[in-house]
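The sequence shown: position 272 = 272 (the working numbering), numbered continuously.
Taking it in order: structure first as structure tokens, then the write-up.
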Amino acid sequence: MPSAIALSNASRITRRLRNCDACRRWMVYRCFSQFIGLRDIEIDGKKYATDEWTNTPSSIVSSVPRRLHLQKDHPISITRQLIESRFPGYRTHNTLFPVVTVNQNFDSLGFPPDHPGRNKTDTYYVNKDTVLRTHTSAHQADVFRGNTSDGFLISADVYRRDAIDRSHYPVFHQMEGARTWDRSIIQDSKELVRKIWDDVAQLPQHELNVSDPNPPIHPERNPLQSKHHMAEEAEAIAAHLKRSLENVVVEIFAQAQKAQQAAGQEISEEPLQVRWVEAYFPFTSPSWELEVFWQGDWLEVLGCGVVKQDLLINAGVPSRVGWAFGMGLERIAMLLFSVPDIRLFWSQDPRFSSQFTSPFPHDPSSTIAAAAPSSFSIKPFTPFSKYPAAPRDVAFWLPSTSSSAGGRLPTASSVHENDVMELVREVAGSDVEDVRLVDEFTHPKTGRKSLCYRVVYRSLERTLTNEEANGLHDSIRKALVEKLGVELR
Ligand code: DAH
């Protein structure tokens with residue numbers, strides 16, 4: 001039996017709901033959305049209301065519980081542990097939930113309202129105000145606000161609508177790091193600068209030849225936050241940042257080279273080449289990227305910079321100054337373990353998963369970065385036989401901008417390449433290796449545009465029969481017509 005107090009509370013709440021404009025609108029919206037079929041979406045046990053912004057498919061939702069960065073002996077987890085070991089004593093945050101607000105993911109970091117990253121074509125919206133985080137930076141402000149350590153690392157799964165090829169997957173993993181110094185416990189700026197340089201001197205030395213041709217601060221290309229920092233402060237912070245991250249790269253590439261050598265693979269005699277390039281991020285200034293010359297190409301390994309002081313002020317720690325970085329773990333894991341296709345990380349086939357053993361203790365709830373064992377080596381992945389590829393082309397006319405259906409069909413500009421990618425993934429899952437535009441043509445008379453995509457089907461685990469590949473391709477052709485309103489050629 002509900003008590004009288006509970007009943008009177010309940011009726012008071014109902015009355016308040018009826019009298020409040022926003023609440024009434026909300027109740028009408030709930031009835032309406034149930035009527036037209038908009039439902040809640042459940043992500044790893046939590047329910048969220050959906051709306052016209054919702055674009056997160058169930059295939060993405062189902063990867064949320066996987067948390068590859070915490071799985072025992074998984075190469076993504078080993079990569080995380082290896083990088084963490086270069087930051088002894090830093091606090092780790094490895095279990096932060098992937099659903100964040102638009103404010104956390106974009107506004108708190110100073111992303112302008114028209115930034116392309118906010119588009120529905122690029123980001124998975126749970127609803128208008130909520131997204132699956134597109135980067136670990138989404139947690140920076142909160143962790144700064146918590147103010148529990150000078151240095152911290154955040155590793156997590158992140159989500160982006162993107163192309164389909166061997167190095168892109170809509171779910172991947174990043175590590176964020178930051179180190180700040182508290183001015184309030186230091187007498188003056190000179191002492192702060194001295195303290196930071198003392199900390200630089202404590203960092204391990206390396207013998208890497210690093211190219212860094214630009215000045216740490218450039219008034220137009222890479223400005224000092226002159227309202228908040230003295231040039232000497234930013235320079236000391238930059239020196240600490242660069243040395244810390246160069247040490248990560250030294251470790252990763254030494255391990256990768258050792259692994260390749262041990263596996264009898266050919267390795268280059270050339271010394272490792274690394275370079276700093278100027279960059280731009282809304283939440284750092286000055287900013288840089290670190291690139292490494294690896295197997296004939298410059299590979300971008302990470303982005304970083306001096307944290308925007310406004311971010312720290314808004315996070316309630318105005319007296320802290322420091323640096324932050326963010327890096328993708330898949331790319332590093334692929335080169336550390338010689339993994340040729342990003343889909344393999346998601347494989348549950350024991351022929352993949354049984355190949356790796358972490359040299360670090362398995363402790364997913366640990367909150368402190370652990371040192372590396374004194375000696376260990378990484379074993380590269382040995383491919384199990386490669387199953388044949390089944391390429392199929394699909395050509396279609398994009399819907400014309402005006403349509404006889406009263407403008408209800410998508411317009412040409414409303415079909416984004418990421419929509420095509422997602423549709424293919426929804427139908428074929430991880431049996432598709434690559435999707436690429438191979439031809440584009442505009443009809444000279446009608447002005448209509450036609451596209452041709454080549455879809456390469458290939459399972460990592462077995463041979464797809466012709467019938468299976470044709471079946472998948474037919475479903476994709478149908479879905480293109482039904483969901484994107486294209487006309488097949
Ligand atoms: N969040 C950025 C990305 O996903 C990476 C990044 C760049 C993180 C610079 C940082 C940073 O913390 O300072 O591309």
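Beta carbons are placed, not taken as given, at the ideal position from N, Cα and C, and that holds for glycine.
All of these numbers come straight from a predicted model, not from anything done at the bench.
Euclidean distance between Cα positions of Asp188 and Lys195: On the sequence shown, position 188 is the one that residue 188 refers to. On the sequence shown, position 195 is the one that residue 195 refers to. Near 11 Å, if we compare the C-alpha coordinates of Lys195 and Asp188.
C-beta atoms of Ile41 and Val248 nearer than 7 Å: Along the sequence shown, one-based indexing puts residue 41 at 41. Along the sequence shown, one-based indexing puts residue 248 at 248. For Ile41 and Val248, no; Cβs fall outside 7 Å.
Alpha carbon of Val307 to alpha carbon of Val321, nearest angstrom: Residue mapping note: residue 307 aligns to position 307 of the sequence shown, counting from 1. Residue mapping note: residue 321 aligns to position 321 of the sequence shown, counting from 1. Cα to Cα, the separation comes out at about 7 Å.
Inter-stretch contact (C-beta, 8 Å, three-pair minimum) for the segment 102-122 and the segment 68-76: no
Contact check, Leu241 vs Phe253, beta carbons under 7 Å: Mapped onto the sequence shown, residue 241 falls at position 241. Mapped onto the sequence shown, residue 253 falls at position 253. Going by C-beta atoms, Leu241 is not nearer than 7 Å to Phe253.
Outcome for Phe441 when other beta-carbon atoms lying within 10 angstroms are tallied against a minimum of 16: Numbered from its first residue, the sequence shown carries residue 441 at position 441. Classification of Phe441: exposed, given that the 10 Å Cβ count is below 16.
Local Cβ density within 10 Å of Leu480, reported as buried at 16 or more and exposed below that: Walking along the sequence shown from the start, residue 480 turns up at place 480. Flag for Leu480 reads buried.
Alpha helix (DSSP H) segment containing Ile196, residue limits: Start at 1 with the first residue of the sequence shown, and residue 196 comes out as number 196. Segment 189-202, the alpha helix (DSSP H) holding Ile196.
His135 beta carbon near the ligand DAH (any heavy atom closer than 6 Å): Within the sequence shown, the letter at position 135 stands for residue 135. Yes, the ligand DAH has a heavy atom inside 6 Å of this Cβ.
8 Å contact criterion, which Val100 and Val131 should meet: CB distance rounded: Taking the sequence shown and counting its residues from 1, the one referred to as residue 100 is at position 100. Taking the sequence shown and counting its residues from 1, the one referred to as residue 131 is at position 131. Rounded, the Cβ-Cβ distance is 6 Å, consistent with contact.
Cα-Cα separation between Pro112 and Asn470, rounded to whole angstroms: The residue you call residue 112 lines up with position 112 of the sequence shown. The residue you call residue 470 lines up with position 470 of the sequence shown. The straight-line gap from Cα to Cα measures roughly 44 Å.
Nearest-angstrom Cα separation, counted from Ser58 out to Asp310: One-based indexing of the sequence shown puts residue 310 at position 310. One-based indexing of the sequence shown puts residue 58 at position 58. Each residue's alpha carbon lies about 37 Å from the other.
DSSP-derived helix/strand/coil call for Gly328: Counted from its first residue, the sequence shown places residue 328 at position 328. Looking at Gly328 - three-state DSSP - the assignment turns out to be strand.
Local conformation of Gly471 per DSSP, three classes: Counting from 1 along the sequence shown, the entry for residue 471 is found at position 471. Three-state result, Gly471: helix.
Phe110 Cβ short of 6 Å to the ligand DAH heavy atom set: Position 110 of the sequence shown holds residue 110. Correcting the residue identity first, residue 110 is Gly in this sequence and not Phe. Checking every heavy atom of the ligand DAH against the Cβ of Gly110, none is found closer than 6 Å.
Enclosing beta strand (DSSP E) for Gly110 [first to last residue]: Position 110 of the sequence shown, counted from the first residue, corresponds to residue 110. From DSSP, Gly110 is part of no beta strand (DSSP E); its letter is neither H nor E.
Thr56 versus Tyr124 - alpha carbon distance: Start at 1 with the first residue of the sequence shown, and residue 56 comes out as number 56. Start at 1 with the first residue of the sequence shown, and residue 124 comes out as number 124. So the two alpha carbons sit approximately 5 Å from each other.
Between the CA atoms of Arg66 and Leu488 - distance to the nearest angstrom: Counting from 1 along the sequence shown, the entry for residue 488 is found at position 488. Counting from 1 along the sequence shown, the entry for residue 66 is found at position 66. Approximately 37 Å between the Cα atoms of the pair.
His240 in three-state terms, based on DSSP: Position 240 of the sequence shown, counted from the first residue, corresponds to residue 240. Reduced to three states, the DSSP call for His240 is helix.
Check: Ala324 C-beta below 6 Å from any heavy atom of the ligand DAH: Indexing the sequence shown from 1 puts residue 324 at position 324. Yes, Cβ of Ala324 sits closer than 6 Å to a heavy atom of the ligand DAH.
For Trp323, the residue or residues it bridges with in DSSP: As a working note, residue 323 is residue 323 in the sequence shown. For Trp323, which the question treats as bridged, DSSP gives the partners Arg179, Val306.
CA-to-CA distance, Val486 to Trp397, given in whole angstroms: Translated into positions along the sequence shown, residue 397 becomes position 397. Translated into positions along the sequence shown, residue 486 becomes position 486. The straight-line gap from Cα to Cα measures roughly 6 Å.
Own chain residues within Cβ distance below 8 Å of Ala141, not counting five before or after: If you number the sequence shown from 1, residue 141 lands on position 141. Excluding sequence neighbours, Ala141 sits near Gln104, Ser108, Leu109, Leu311, Asn314, Ala315.
Spatial neighbours of Ser430 in its chain, beta-carbon cut-off 6 Å, leaving aside the 5 residues before and after: Locating residue 430 in the sequence shown gives position 430, where the first residue counts as 1. Arg343.
Distance cut-off 6 Å: Glu278 Cβ against heavy atoms of the ligand DAH: In the sequence shown, the residue the question calls residue 278 occupies position 278. No, the ligand DAH has no heavy atom inside 6 Å of this Cβ.
Cβ separation of Leu203 and Phe325, assumed to be a contact under 8 Å, to the nearest whole Å: Numbered from 1 along the sequence shown, position 203 holds the residue referred to as residue 203. Numbered from 1 along the sequence shown, position 325 holds the residue referred to as residue 325. Not a contact, Cβ separation roughly 14 Å.
Unbroken stretches of the alpha helix (DSSP H), 4 residues or longer, contained in the segment 414-454: 417-428
Tyr457 beta carbon less than 7 Å from that of Leu464: The residue labelled residue 464 in the question sits at position 464 within the sequence shown. The residue labelled residue 457 in the question sits at position 457 within the sequence shown. Yes.
Touch test, the segment 261-276 against the segment 292-299, Cβ-Cβ under 8 Å, three pairs minimum: yes
Lys128 versus Asp162: straight-line alpha-carbon distance, rounded: Within the sequence shown, residue 128 is the residue found at index 128, counting from 1. Within the sequence shown, residue 162 is the residue found at index 162, counting from 1. If you take the alpha carbons of Lys128 and Asp162, they lie about 20 Å apart.
DSSP-derived helix/strand/coil call for Ile154: Position 154 of the sequence shown, counting from 1, holds the residue named residue 154. The answer is strand: DSSP assigns Ile154 an E or B state.
Closer than 6 Å: Glu251 CB and nearest the ligand DAH heavy atom: Counting from 1 along the sequence shown, the entry for residue 251 is found at position 251. No, since every heavy atom of the ligand DAH falls outside the 6 Å radius drawn around the Cβ of Glu251.
Terminal residues of the beta strand (DSSP E) in which Val274 lies: The residue labelled residue 274 in the question sits at position 274 within the sequence shown. Per DSSP, Val274 belongs to the beta strand (DSSP E) from 273-281.
Straight-line gap, Met27 to Arg133 (C-alpha atoms, nearest Å): The count along the sequence shown starts at 1 and reaches residue 27 at position 27. The count along the sequence shown starts at 1 and reaches residue 133 at position 133. Caution is warranted here: a pLDDT of 49 is assigned to Met27, below 50, making its placement in the model unreliable, and no coordinate value can be reported.
Proximal residues to His135 (C-beta, below 7 Å), its chain only, five neighbours per side dropped: Looking up residue 135 in the sequence shown gives position 135. Counting only Cβ-Cβ distances below 7 Å, and skipping sequence neighbours, we find Val158, Gln174, Gly326.
Rounded C-alpha distance that separates Glu269 from Arg145: Sequence index remark: in the sequence shown, residue 269 carries index 269 (1-based). Sequence index remark: in the sequence shown, residue 145 carries index 145 (1-based). Near 47 Å, if we compare the C-alpha coordinates of Arg145 and Glu269.
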